[in-house]
Structures are given as structure tokens and as C-alpha cells.
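Reading through the C-alpha cells given below for one structure.
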Amino acid sequence: MSKKFSGSTVLVIILAVCGFLFLYLPVVVVVMYSFNTDAISSFPMSGFTLKWYKAMFANTELIKSLRNSLIVAFIGTGLAILIGVPGAYGMYKLKFPGKKALEKMVILPMMLPGIITGITILSFLQLVGVVQGAFAVVLGHTTFLLGTVLPQVYTRLRQLDRNLLEASQDLGAGGVQTFFHVILPNIKTSVFGAALLSITLSLDEIPVTFFLNGVFTTLPIKIYGMTRNGFTPEINAICSLILLASVAAVIISNKLSAKEAV
Amino acid sequence: MSRKLIELKNIVKNFGKNEIIKDISLDVYEGEFLTLLGPSGCGKTTILRMLAGFETPTSGEILLDGEDLIPVPANRRQINTVFQSYALFPHMTVRGNIAYGMKMQHIPDKEIKERVEEMLSLTQLESLADRKPAQLSGGQQQRVAIARSLVNRPKVLLLDEPLGALDLHLRKSMQIELKRLQRKLGTTYVYVTHDQEEAMTMSDRVVVMHEGRIEQCDTARQIYKHPATRFVSQFLGDANLFTGTYVHGDGEAYFCQDDGAADTYAVRPEKLHFVPDSSKGMAAVVTESTFMGNVYRNCARLESGQICFALNDRPYNPGTKVKILFAPEDACRV
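Same order as they appear, the protein sequences are chains A and B.
Note that the numbering used here has the first sequence beginning at 508, numbered continuously upward.
Note that the numbering used here has the second sequence beginning at 783, numbered continuously upward.
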């Protein structure tokens, strides 16, 4: 190398590497152990195997909780999109007193600790007579997912030239036509990105679910329960799979938002 | 004159406590090119937005073809707008943008296709028809915006400073283009600009606006020759303002400025003559002479201390004592 790094540059690089190791080493370890032949988490690995993945798929309760989680994630996200996108559009299109305050209030659920959201939703659902279970979990997830969908879509809408709305109207389109022909095509990738993010957030959600689930078990709750009765490598296997799906979702979501923001 | 297409009657528009439009009445005739001219904030864009349907007047009446326009929503008006920012739909091609209005009107596909092609050729956009707006230059985007509006055959085309974002050269050629399309299609144009030259060269009639009121409404020629107010005389072209008594005779005129009369007159700089040896006229001393290419810009100080300037075909040396005269018809009381 022709150029020498100065002492401070080297220090920065070392710190950056340490930061990355701190973040990602545990992840790497979990993935590694999921292929370890030994049932006890130990290093070095005693061999390579897929048996924990087989065991995982054979564990019907685990698979059932995964199915529950997926159902909650997809329905919750679907509802959050159905409510959040028109909501964001309304906030963008209409002028009303208190708009600024509402903009801030909408992101509040995202900032609140999950435990608070969980307790408040639980109290509210009990008040209106909804019992703990699948339905309550879906409602709870929809609520906190709205807090991610609405601000994301709203931010994207605010980047649009407001004259597009008027131009569409000027050319004879009504409000609904304008939404589907002009607005939605221009925000669709951020809607899709918000949906992907929502699904990942919902899939690993514990605090809100914990207050609402009753006997309805989602995957994170199930895994949490399993670790309490002794740690088995099939947990590593399912964690690795979820990790893979999450990373894919985040990458796709980022790519899409970046593409649309041009 | 052809018939009235739009009638604005006693329009007032308030935004909160601000009175933006103060009692404006105006008729727009079928097929004319009417320009609303004024500095920013004079209310010209607000008038346009009320015609388009994006704003509702606080009071007053707007008639289109004799029918009340105010209750008609923007998407039901046979009026289209060319926006200053163009507002082309970024996800649609040029062709898609032009077809959009007709699709919203549920015009049969076959007719849409024909009219789009016709408009593409009229605006010389055929080769760009499948591009997206982001792949076009500013001038091309402007042409698409115009085509997208005109293809709907509106009764009135509203243009909100459509050439504001273009460079000088492109602006000139687009001015010609806009006029050509207007003559060809016979569309009524209501055009908003703060560029007085643009207003003068393109319009059949110019409405000069100032602080929410109409100062004068006439042909550019009449406004230039006979400005109604001090504001108009200085906004449309340049003018020297003189206060005094108007004295004329023998085809010459000047002002007597020492008798305390308070009337004000405007005289265009190209109408002022500097005469070195004359018994009549306003005595002045030349202060500056600048070569402008086709003319000289000569400045002189009157005895009152006022500086006036004239455009002449010859220079005068600074310090020269002159008398200032003009033809009687060239002074306009403002």
C-alpha cells in the first residue's frame, strides 16, 4: 500500500470493526450453532448437521406458533396498510386545525415502550369486552403497526408535488380516481416497503403480544417459553430462518424506498 | 368583439384577515389572449385559481357562458390549467400524461388515441411520446404540460407563469409556440405573468393588477400609450413622472414646475427630446449618457433636482445645458 494510515484513522477503523462485531457476532454464533451436531452450545463445533432444522419442522407446537405469528403479521399489516395509507393521504390532502399536533401524535405509539402499548391496549380491550386471544393480538399489532405505516407513507406523500393533486383534478379526475391513478402509483414502493417492515416488526414482537395473547401463542412467545425449559438447538435453527427472512425483507424495503425517492 | 365567455363580477377573496382580491370585475371574451400582469402578491394567481376551481371567492360571481361557475367543482369545469411547476405525472409517459384527462372523461379509447397523436404532432412531441417526464428537458416538459391541457379542448386555458422556469432563449421560442397553438385552436387563454415584455408581446388585452385591484385593462398598445395610473406607467415600460402645469403649443409641450400645481404626468423616455437651444421647455443639465446599442440613454437633472431620462439616437455631453420638450400627445396624466 502506497499510503499509510494515520494513528487516528486506524483507531476509528478498529472501533468500527468492534462495533460491527458487537452487533453481529451473536447473530453469527446463533446461525453457526444451528448447524452444530452437538446439542450443547459449545465451540469449536463438533460437526455439521441439518438435524436441528428437521427437529424444528417436526415440532408441531413450534410450527403452529410460527403459523400463528404469520397470520397475525399478515392480517395486522394488511389492516395497518388499509387504515394507514388512506389515513396518511387524508392528512396530506386536507388542511385542518391541529394538523401539526396530529403529525406528532401519530408516531407516538412507535416511540412508546411496548409494555405501555401492551397494557393500554389490554385495558382498552377489556373495557370494550374483547377477551385475550388471537383477535386481541391482531388488534394490538394493527395498532402499533399503524404507527410505522402511517408516518412512512406520510413522509413519502410530503415529497410529492402538491400540484399533482390539482393537476389531476383539473384534468377531470375525482378524489378516488386521483388517489388510484396518480397518488398510489407514486407511493406504491414505500407502501410495499412499509408493509415488509411491518411484517418483520410483527413477527418478533413480544411485549404487546404478551399482554394480549391468552392461550394464543406466537412464535417469539413460544421461543421465550422454550428457552425457559432448557435451550435446544432447534431454537437456533428457527432463529436463523427468521433472521434470513428479516434481512431479506429489510434489504428489499430499503432498495424500494431508495428507488422511489429519486 | 366576440361574445363574453367569462364574467367576473365584484370578486372579493380573503385569506384569513388578508384581503387578497378587492372587488374585481372583469370580462374575458371568447378566443382572446388575456394576460393578468402584476408584481408577485398582486392577486393574479388567485384569480386564476378561482377560475380553475381551486379557490372559492369570498363574495362575487363568476359566470362561464352565462352560467354560475362557482358551485362547479374543479374536475367538472371545462377549464384546464398549465401549472408553473408543470405538475406532469412522473409515473406516466408523455402519451399517458396527454391521455389522462380524456380517460377521466371516459372518452372512447379509439378517440383518445387519435387525439393524443394529433396533439403530439401539433406540439412536435412524437419522438418523445414514450418517455417519462424525468427524461425530458424543461422546454419539452412545458410542451407536454400544454399538450396535456389543450387535448381536452377546454373552453379556457389557464397558464400560470408557464415560462417562468425556462431560460431566455427558450422562453422566446415558447412564446411564439403558445401563440401559434392559440391561433390554430382558437382557445381562450388567460395567462398570468409578472414579465411585462411577455405580456405586451403576446396578449390581445392586458390586465394590470396591483394589490388586489385592477389598475387598467386594455390592449398593450393603449396601456403603454395611455397608462391610467402612476403604477401602470412604471410597471409596463419605463416612464418619467413630472409634476407641474402642462404647457403646450406649436406641436411642443413641457411642464411649468414652479407654479405649485400638483398634477402628475407620465412621459415615456423615448418621447423626451433634449433641445440645446430653445426658448421653451424645462431647463436641465445632462448628467450622463450611456450607449445602449440601438439608442443612447441620456440622463438630465431638472432645476427642481429631479432626474429624468430619455432614449435618443444621439448622445449629449455631460454638463450640456438643454431644454426638455415632448409632443403634446405623449404626456399622460396619471
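Note that the Cβ used here is the ideal one computed from N, Cα and C, for glycine as well.
- With respect to chain A, the C-beta atom of B:H888 has no partner C-beta closer than 7 Å.
- Using beta-carbon distances, A:Q676 counts as an interface residue toward chain B, with a partner under 7 Å.
- Judged by DSSP secondary structure, B:R913 falls outside any beta strand (DSSP E); it is assigned neither H nor E.
- Within the same chain, Cβ atoms closer than 7 Å to the Cβ of A:T685 are found at L672, S675 and Q676, the five residues on either side in sequence being excluded.
- Leaving aside the five residues that flank A:D545 on each side, the residues in its chain whose CB is nearer than 6 Å to its CB run, in chain order, S553.
- Check the Cα spacing between A:G585 and each of A:T734, A:A756, A:T724 and A:F699: the tightest is with A:F699.
- With fewer than 16 neighbouring CB atoms inside 10 Å of its own CB, A:S515 falls in the exposed class.
- With respect to B:A1002, B:V990 sits apart: the two C-beta atoms are not nearer than 7 Å.
- When only Cα atoms are considered, A:A701 and A:I578 end up about 17 Å apart.
- For B:Q957, no beta strand (DSSP E) segment is defined; the enclosing uninterrupted segment is the alpha helix (DSSP H) at L950 to L967.
- Positions of the beta strand (DSSP E) runs, each at least 3 residues long and wholly inside the segment 834-885 of chain B, are given as 841-846 and 861-864 in order along the chain.
- Not a single C-beta of chain A is nearer than 7 Å to the C-beta of B:S903.
- In the DSSP assignment, A:A562 forms no beta bridge with any residue.
- Per DSSP, B:K1105 lies in no alpha helix (DSSP H); the unbroken beta strand (DSSP E) holding it starts and ends at K1103 to L1107.
- Listed as beta-bridge partners of B:K795 by DSSP are B:I803.
- For A:M539, no beta strand (DSSP E) segment is defined; the enclosing uninterrupted segment is the alpha helix (DSSP H) at G514 to Y540.
- With 16 or more neighbouring CB atoms inside 10 Å of its own CB, B:F1108 falls in the buried class.
- With respect to the 7 Å criterion, A:V722 and A:G625 are not classified as neighbours on the basis of their beta carbons.
- A:A608: member of the alpha helix (DSSP H) spanning K606 to V613, first to last residue.
- For B:A1044, no alpha helix (DSSP H) run applies, since DSSP gives it neither H nor E.
- In this chain, the beta strand (DSSP E) harbouring B:E997 covers R995 to D1000.
- Around the beta carbon of A:V638, a 10 Å sphere encloses fewer than 16 other beta carbons of the protein chains shown; the residue is thus reported as exposed.
- Under the three-state reduction of DSSP, B:M991 is assigned to strand.
- Within the DSSP bridge table, the entry for B:H1030 names B:A1035 as partners.
- With respect to the 7 Å criterion, B:I1106 and B:L1023 are not classified as neighbours on the basis of their beta carbons.
- When the beta-carbon positions are compared, B:V876 and B:L907 come within less than 7 Å of each other.
- DSSP places A:H648 inside the alpha helix (DSSP H), whose first and last residues are A641 to R665.
- Beyond the five residues adjoining it in sequence on each side, B:I844 comes within less than 8 Å, by CB distance, of I788, E789, L790, K791, I793, M832, L833, D850, L851 and I852 in the same chain, given in chain order.
- Counting the other Cβ atoms within 10 Å of the Cβ of B:D942 gives 16 or more, which makes it buried.
- Ranked by Cα distance from B:F815, the options B:D891, B:Q957, B:V1049 and B:N1099 are led by B:Q957.
- With its beta carbon less than 7 Å from one in chain A, B:A834 belongs to the interface.
- Rounded to the nearest whole angstrom, the C-alpha separation of A:F564 and B:E893 is 60 Å.
- In chain order, P727 place their CB closer than 6 Å to the CB of A:I713, counting only its own chain and leaving out the 5 sequence neighbours on each side.
- In the DSSP assignment, B:F1024 falls within the beta strand (DSSP E) that extends over N1022 to T1025.
- The criterion of a C-beta distance shorter than 7 Å is satisfied by A:A580 and A:L710.
- In chain order, M886 make up the part of chain B whose C-beta sits under 7 Å from the C-beta of A:Q684.
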